[in-house]
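S.K.: Residue numbers (this note's numbering), protein chains in the order written: chain A, 85 to 554; chain B, 85 to 554; chain C, 85 to 554; chain D, 85 to 554.
No residue lacks a Cβ here, since even glycine has one placed at the ideal position from N, Cα and C.
Submitted below is the structure of interest, expressed as structure tokens.
Number of protein chains: 4
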Amino acid sequence: MKIKCESIIQNDSLQEECAVFGIWNHPNASEITYLGLYALQHRGQEASGIVSSDGNTFYIHKNVGLVADVYKPHILATLKGYHAVGHNRYSTTGASNINNVQPLFSVGKDGPICIAHNGNLVNAKELRDELAKMGALFQTTTDTEVVLHLLARTIGNWKERFKQVAEKIIGAYTLILMTKNELIGIRDPNGIRPLVLGKLNDSFVLASESCAFDLIGAEYIRAIDAGEIIIINAKGLHSEYFANVRKTTPCIFELIYFSRPDSQMFNESIDRTRREMGKQLALESPANADFVISVPDSSNAAALGYAQTLGIPYEHGLIRNHYVGRTFINPTTELRKAGVKIKFNPVATLVKEKRIIVVEDSIVRGTTLKQLTKLLRSAGAREIHVRVASSPIYFPCPYGMDFPTKEELIANHYSIEGIRKEIGADSLAYLSYEGMVSACPDYNGGYCTACFNGVYPLNYESYSGKFSLE
Amino acid sequence: MKIKCESIIQNDSLQEECAVFGIWNHPNASEITYLGLYALQHRGQEASGIVSSDGNTFYIHKNVGLVADVYKPHILATLKGYHAVGHNRYSTTGASNINNVQPLFSVGKDGPICIAHNGNLVNAKELRDELAKMGALFQTTTDTEVVLHLLARTIGNWKERFKQVAEKIIGAYTLILMTKNELIGIRDPNGIRPLVLGKLNDSFVLASESCAFDLIGAEYIRAIDAGEIIIINAKGLHSEYFANVRKTTPCIFELIYFSRPDSQMFNESIDRTRREMGKQLALESPANADFVISVPDSSNAAALGYAQTLGIPYEHGLIRNHYVGRTFINPTTELRKAGVKIKFNPVATLVKEKRIIVVEDSIVRGTTLKQLTKLLRSAGAREIHVRVASSPIYFPCPYGMDFPTKEELIANHYSIEGIRKEIGADSLAYLSYEGMVSACPDYNGGYCTACFNGVYPLNYESYSGKFSLE
Amino acid sequence: MKIKCESIIQNDSLQEECAVFGIWNHPNASEITYLGLYALQHRGQEASGIVSSDGNTFYIHKNVGLVADVYKPHILATLKGYHAVGHNRYSTTGASNINNVQPLFSVGKDGPICIAHNGNLVNAKELRDELAKMGALFQTTTDTEVVLHLLARTIGNWKERFKQVAEKIIGAYTLILMTKNELIGIRDPNGIRPLVLGKLNDSFVLASESCAFDLIGAEYIRAIDAGEIIIINAKGLHSEYFANVRKTTPCIFELIYFSRPDSQMFNESIDRTRREMGKQLALESPANADFVISVPDSSNAAALGYAQTLGIPYEHGLIRNHYVGRTFINPTTELRKAGVKIKFNPVATLVKEKRIIVVEDSIVRGTTLKQLTKLLRSAGAREIHVRVASSPIYFPCPYGMDFPTKEELIANHYSIEGIRKEIGADSLAYLSYEGMVSACPDYNGGYCTACFNGVYPLNYESYSGKFSLE
Amino acid sequence: MKIKCESIIQNDSLQEECAVFGIWNHPNASEITYLGLYALQHRGQEASGIVSSDGNTFYIHKNVGLVADVYKPHILATLKGYHAVGHNRYSTTGASNINNVQPLFSVGKDGPICIAHNGNLVNAKELRDELAKMGALFQTTTDTEVVLHLLARTIGNWKERFKQVAEKIIGAYTLILMTKNELIGIRDPNGIRPLVLGKLNDSFVLASESCAFDLIGAEYIRAIDAGEIIIINAKGLHSEYFANVRKTTPCIFELIYFSRPDSQMFNESIDRTRREMGKQLALESPANADFVISVPDSSNAAALGYAQTLGIPYEHGLIRNHYVGRTFINPTTELRKAGVKIKFNPVATLVKEKRIIVVEDSIVRGTTLKQLTKLLRSAGAREIHVRVASSPIYFPCPYGMDFPTKEELIANHYSIEGIRKEIGADSLAYLSYEGMVSACPDYNGGYCTACFNGVYPLNYESYSGKFSLE
């Protein structure tokens, strides 16, 4: 049960968060959940779990590793039944403990119940202490278990019960629960993390992103609303609101980086939004160069938007090694310089003697870009102009993004000019805050942009760093 | 997390139960616990777990399999700290679920706590339902988790708190608990399952049987009393009684079969007690034969006692294959006759044409003996006289022995003469109930002999079969 | 040792072949070889092996799986010494047998010797039979073992000995051998498979492609010539020619598909050559559409070249799931339609109602393209114009490309118009043979284009299908 | 492929050697071979392999570990066909390399052939060098591979061919070979290692010992003769002699220690022979004591014979932990004193204050006995009289017994009195050489007693220590 994973390279990207998936009433429930988790692999590569049910018995399998490694045919065969909930997990929060791998499963007054969670509760520690005083026993170190314990102390129908829970918990939470009789989908009153509803023949499906529906051939119906609770059971689908929606503020970083470009949000593909960000960036901060390259694949769309807007050629200047797994043997001292090259290699004949615009989606610590510019220069690049398709990140995220502390964010240490020097670029420009927001789909609501401007929508202002239950 | 173990052969023996081990304040705590569990392997071969602690952080490792397979050097290295609790488990009660492997670990108002249990609670289901109504969430299907939840609802010092728990739970329980600050040993008010105290230099150790002390070089101090709670912490060892001892009734089957012959009980080695049973059996039911053989190794001592008393030679007539593991590929139909031969093979040249007395420790379903007599006859044995060093078993055990139901016990289906026919012996005799009890050490208390005479010491008379939480 | 890998999806692409890597005289020999194999992972994902040596003892590790899975820190630690040879293997030729995983190792009159091979011998079966008659024992089913047996029957210096071997073997072979005293690199007289030489400080390195040098920070020196033998030992590097070069005919498919775009060939990056093919394709077969997309990542460069030439926007229309591993649970019947979607998902909002040009690098069976057009149409594409950046493939390859038989090649079943219908495109055009060859670097030699025109450079004309030793 | 097994305890016993098994023409060939290897597990616990055949295709599985671990149902299912050969291996001779695990398999002029070997060739190194000069390539470091290479260089029928091989090889060899058309059993001209023939319905079986027949329900027919070759094929069984039997000299240590007591040799069970040795020992060196104990289970029979002869009670004074596996975590310094206690624990109440006779089967290094006497003394034994049921061992064994060098044999360092002091016994006596031989079955031949008297039956007198190919 001890797990030790050496991280590949000091990754500057935001660590992905979590994926949830659920299906009710399908003869291949666990198989479909497997495919759904597969399509959502980009949201969490640390561990995966599926709980299936035939309405009576629950079947569980979970383990650390990629979806393709965790499930094998003989394993899927044991996950019987017509209903299933799945989860991919990034975070290693808590002791690296298989108990922490979701979905969590427990038996209480409601009988067996399982839960899968994407997001983060800001006041989990306080709630744990409070619940412990009342006799609750915690067998994981996840904030998710808090929800189970709170639920076990409520009465009424599910909407009423969840309303009581929602009055206690503060944070971002997209939840899928499964009992003997129903599959329940919940999105927090701010709608910070995504959750979408689909239909596969006669079965309803819930997923973090619509790209999961594409793979299983399900029809996309709509996004679950902020504050909405969806109950799927033998009688069909039932929707209610367990909370007065304060202000819908979905995480803008889902658009910038997290979600897959082929997923939809607000009737718009993520790809289109990122293209828009690239376009806006081009208008705000054009550059003169021989061509534009992306840092594949996360900034592909933004780079293309940037290049097309300015009429500068778009090129594949960095080749990505797609066999980079979760674990990689860290080279010994002399070979550490391999560094980012394990993931990216420049096409030397292309970049040689050229003036290049590198479009990146965001800068967190700045370490990857620093290595990349070095790599490009040693391949002969004459000029490197970095353009970032989002604004500088100044604040940590308490809502489920595995962000570094304030101290680790490069924007808190340098001016833009200082960052430019630090990463070794010839010029550097970020997308303006206004430009970034304006590139996002306009719907009757706003976005959580706390990491950019420090405005935490949940008024939990004291938050000042990495959240931990331990 | 799905575990499927094919059982070796339809085993007539009683399935072993569980082993507990604990040590406080030793630089090699987890290593010593490993050795202790190793010496106690005979009490449980299904799964094993160790929780260690440095007084602050807890380290956990558990898995299905034998002690030698579950722990490897790199695993033991992760089990840091000065204190440790270990558990070997037989029972697959509950969904085969690694969550069920003990020690259980949870965090509640007492902070982190772990528990290892040998025994069985008779009223666990009722208590679970009651606790669930109060909001308790169960993440295992063990009765042990009930104790954790009850404890979390008590106040006072450990003695007082455990007194409150003891008022609720009915059954057999030898428990070792560990918190940040203490190691706690508990034996139920009837003292059904054993627990002994030892000392290794400056460290106190607790174990199911004294043979664990021999291996680690610890000094045997004494048995924990029925109803006693031992608290070991920085201040030393503190003993109290949390219950008025109703009537001490240790399980007589520990003497007949469970415990290792080199362990001590009531200042007597188990070996001596079994020898005494064999002797008594010889006096009650002598037989005329060329020699006496045992069913190795469980009836070695009784067979020797029987042979010596009558002056008949003792021989090694059955060779046991010691490489029989927990899992064995069941042969296809044609080869099923391999059956018990996978475990035992008669020495043909020895048994040929001979009159043999087979001394067995007990008969449960009768299947093994039936196969053995067939095996001996086909090897040429002329006469087979079976002598059983305990009385006929008529009643199931609710106190932790993995016993079959009434229906499966052969003694409920046939008279002694009928059993003789069924197993194919030329003669059959059991040790009388009185003879059996008289062979056990005489101390100021009695024994639980419920499986022989149906007198359940805990007045839980409604009990009628295999206990299950599911 | 039995290995069963279910293939991901019915893959239309050419199966990759093999990678070889060798280093002499470096304190981190096995670690560097690991990195080199990592960079060459695209040439073989079935299995990997490293043999290292301290000049006296040889250390071996090989297993099926990806490089990142086959080697772990404790494994690399056992691969001691200063010299190493590594191999990545695609082919499952032969019984799936770990013995077949290269490098092969044997001990004969030359002492210990190991060999890594990329290519394929056309007359391996005849040679095996002949050698067997002379008493040779084969413990693998690889053609590579034939080389070892032949070598063991030669005398003289390495050049002379290999000359004798080269007189016997017909086919494509890039070989790296290692003995106690030297590292030997060999490229067949036609130079069909690539092999390049580099320098890392004082150590010489050999690799299938130059991208391996980029990762380890080695300097690219030059390609090994056709018919050249390079001997690296304590005295340095020594080059000779063991064969009169008939006609240098490197495999044109290395340029079209196999090699990584950031690798160099004939002083030109593969990326540039593919761009040139796309450009040529645009000139020959322009199309009118809203944008151009590639089938990521193999046709990225050609698609970009095509788009830039015609001034049509280039878009990322297909999102590739990078977590597709070697094994994937094949969905049950109902879910088989998942098919190619496991690997690619169209960006629906982008392709909807649009006229699209799909640039593919080559068409083998046509199955992937057929699925892709269906996928794009169901995402709303209005027109789909397929452009292929190479010529139609009519002939199988006996030189190491894991090609289907004549019967499986779609071009042998349909006219171009027939293929268009079969794959469901609105228009289809291939690059002309002349255009394809003209896009390749012009050096003083030609290319093997046997799969396109049936001109087998080794005059082994009887060849008519998949080669197999069994 | 690197294997590292920490040995349990410094084992004084002789390391077991190897087991061979073969069956021809049975629908459950691999399953029966599995059971046969299981029954022969005591002859080799390091690794195991089975090769099966349907007369056309060969199926192979081999791995390190115990039989019960190496084969699982899904593995056995892949070992198809009607014929099979199996092997259990002790020795780690050669680089710990899965290639070395037998049966070896190769393809040469005879087509596919596999071989399983028990024994040791004394002149393997010379033959390897000679064969290598002729172009042979060795892919294992076993002496067994030499036989394959020699065979590949012979012509004629199997008898003639093996006669040619036998003229070259010197040593002990019991071989089972399998080709497409026959199963071949061979025993060397001295008959040093055992091989027996049985019948299971219409199928012939070959095994190292008859106990394998008992488990699978086969009928014992006879032992293969020294110098005999048995050919089993579609026409039935054919026996010939490939060698003039010099002098039949089966290994006396098979009787003393190696073989299972329930196996037969010379129409006598091993158990009876060992009993006879104990009886002879009692007559030669009686002792006065309270009781006799054995070192379970290897000296059980001898101890019983000793006790019965003198009329002294036989007791179970040492309890053996049967869960001791091949690997055991070596305790840290402080805990090393656990030592032999991991395997044996004295029954303290039995041995306390008693005068004990310990009967051991043999003494090699003396380390186990030294630890055991210490253990018994600390358990309170008053007198310890050691009696050894064989003679002092002075010479190493070149014929397959994994014996220490001369230097490691305690008898080469001390007189009997010196050994007594060294192991800490109150008295010590060995069985006389004459007594030992006279206890063995009297047949028209002798025994190899080279380890006792240095008379090597193969006149390979220069032999002076542990044999190694490396």
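(1) Using a Cβ-Cβ cut-off of less than 8 Å, give me the residues of the stretch 276-304 of chain D that come near chain B, in sequence order.
(2) In whole angstroms, what separates the C-alpha of B/Gly128 from that of D/Asn405?
(3) Residues in the stretch 440-472 of chain A with C-beta within 7 Å of chain C's C-beta atoms, listed in sequence order?
(4) As an exercise, report each continuous beta strand (DSSP E) stretch of at least 3 residues that is fully enclosed by the stretch 191-221 of chain B, in chain order.
(5) On the DSSP letters alone, give me the boundaries of the beta strand (DSSP E) that C/Ser136 sits inside.
(6) Helix, strand or coil for A/Arg559 per DSSP?
(7) Take the Cβ of C/Leu367 as the centre, count every other Cβ of all protein chains shown within 10 Å, and call the residue buried at 16 or more, exposed below.
(8) Which whole-angstrom value describes the C-beta separation of B/Ile276 and B/Leu259, a residue pair presumed to lie in contact below a C-beta threshold of 8 Å?
(9) Where does A/Val230 land, buried or exposed, given buried means 16+ other C-beta within 10 angstroms?
(10) Relative to the C-alpha of B/Phe536, which residue among B/Ser446, B/Leu459, B/Leu456 and B/Leu453 is closest?
(11) Measuring straight from C-alpha to C-alpha, what distance separates D/Thr226 and C/Ile182?
(12) Is the stretch 483-501 of chain B in contact with the stretch 325-333 of chain B, if contact means three or more CB pairs nearer than 8 Å?
(13) Specify, as a first and last residue, the run of the alpha helix (DSSP H) that D/Val427 falls within.
(14) Is A/Ile254 near A/Arg245, with beta carbons less than 8 Å apart?
(15) May I have the straight-line CA-CA distance separating C/Phe222 from D/Ser136, to the nearest angstrom?
(16) Can D/Cys198 and D/Val169 be called in contact, C-beta distance under 8 Å?
(17) Does DSSP classify A/Ser114 as helix, strand or coil?
(18) Taking D/Ile134 and D/Thr162 to be in contact with their CB atoms under 8 Å, please state how far apart those CB atoms are, rounded to whole angstroms.
(19) Is there a Cβ from chain D that is less than 8 Å from the Cβ of B/Ser382?
(20) Three or more beta-carbon pairs under 8 Å between the stretch 278-288 of chain C and the stretch 508-518 of chain C, yes or no?
(21) What do you get for D/Asn351, buried or exposed, if any count of 16 or more other CB atoms within 10 angstroms of its CB means buried?
(22) What does A/Pro430 touch in chain C if you count any residue whose Cβ is under 9 Å from its own?
(23) Check this for me: beta carbons of C/Leu456 and C/Val379, under 8 Å apart or not?
(24) Between C/Arg471 and C/Ile441, is the Cβ-Cβ spacing less than 8 Å?
(25) What residues in the stretch 181-207 of chain D bring their beta carbon closer than 9 Å to a beta carbon of chain C?
(26) By the three-class DSSP mapping on this structure, what secondary structure does B/Leu163 have?
(27) Taking only beta-carbon positions, decide if D/Asp219 is within less than 8 Å of chain C.
(28) Going straight from the alpha carbon of B/Lys436 to that of D/Glu303, what length do you get?
(29) For a contact meaning CB atoms closer than 8 Å, what does B/Ile152 contact in chain A?
(30) Would A/Glu266 pass as a contact of A/Asn202 if the rule is Cβ separation under 8 Å?
(31) Taking 8 Å as the CB-CB limit, is D/Ala385 close to chain B?
(32) By alpha-carbon positions, which one of D/Gly529, D/Val185 and D/Gln125 ends up nearest to D/Val148?
M.R.: The answer reads as follows:
(1) Cys295, Asp298, Leu299, Ile300 and Gly301
(2) 13 Å
(3) none
(4) The qualifying runs are 195-205.
(5) First-last of the beta strand (DSSP E) with C/Ser136: Ala131 to Ser137.
(6) Coverage of chain A is limited to positions 85 through 554, which leaves residue 559 of chain A absent and any answer about it impossible.
(7) exposed
(8) Contact doesn't hold; Cβ gap of about 12 Å is too wide.
(9) buried
(10) For the set B/Ser446, B/Leu459, B/Leu456 and B/Leu453, the Cα lying nearest the Cα of B/Phe536 is the one of B/Ser446.
(11) Just so you know, the alpha carbons of D/Thr226 and C/Ile182 end up roughly 18 Å apart.
(12) no
(13) A small correction: the amino acid at residue 427 of chain D is Lys; Val does not occupy that position in the sequence shown. From DSSP, D/Lys427 is part of no alpha helix (DSSP H); its letter is neither H nor E.
(14) no
(15) Roughly 18 Å between the two C-alpha positions.
(16) Cβ atoms of D/Cys198 and D/Val169: closer than 8 Å.
(17) helix
(18) Actually they are not in contact, since the Cβ atoms of D/Ile134 and D/Thr162 sit about 10 Å apart, beyond 8 Å.
(19) no
(20) The stretch 278-288 of chain C and the stretch 508-518 of chain C do not touch, with fewer than 3 CB-CB distances between them shorter than 8 Å.
(21) exposed
(22) Asp298 and Asp346
(23) yes
(24) yes
(25) Asn181, Ile182, Asn183, Leu188, Phe189, Ser190, Val191, Gly192, Lys193, Asp194, Gly195 and Ile197
(26) Here B/Leu163 sits in coil by DSSP.
(27) Before going on, a small fix: residue 219 of chain D reads as Gly here, not Asp. Cβ-Cβ to chain C under 8 Å: yes for D/Gly219.
(28) Taking the straight line joining both Cα atoms gives about 16 Å.
(29) Looking at the sequence itself, residue 152 of chain B is Ala, so the reference to Ile does not match. Near B/Ala152 there are no residues of chain A at all, since even the closest Cβ is about 18 Å away, more than 8 Å.
(30) no
(31) yes
(32) D/Val185
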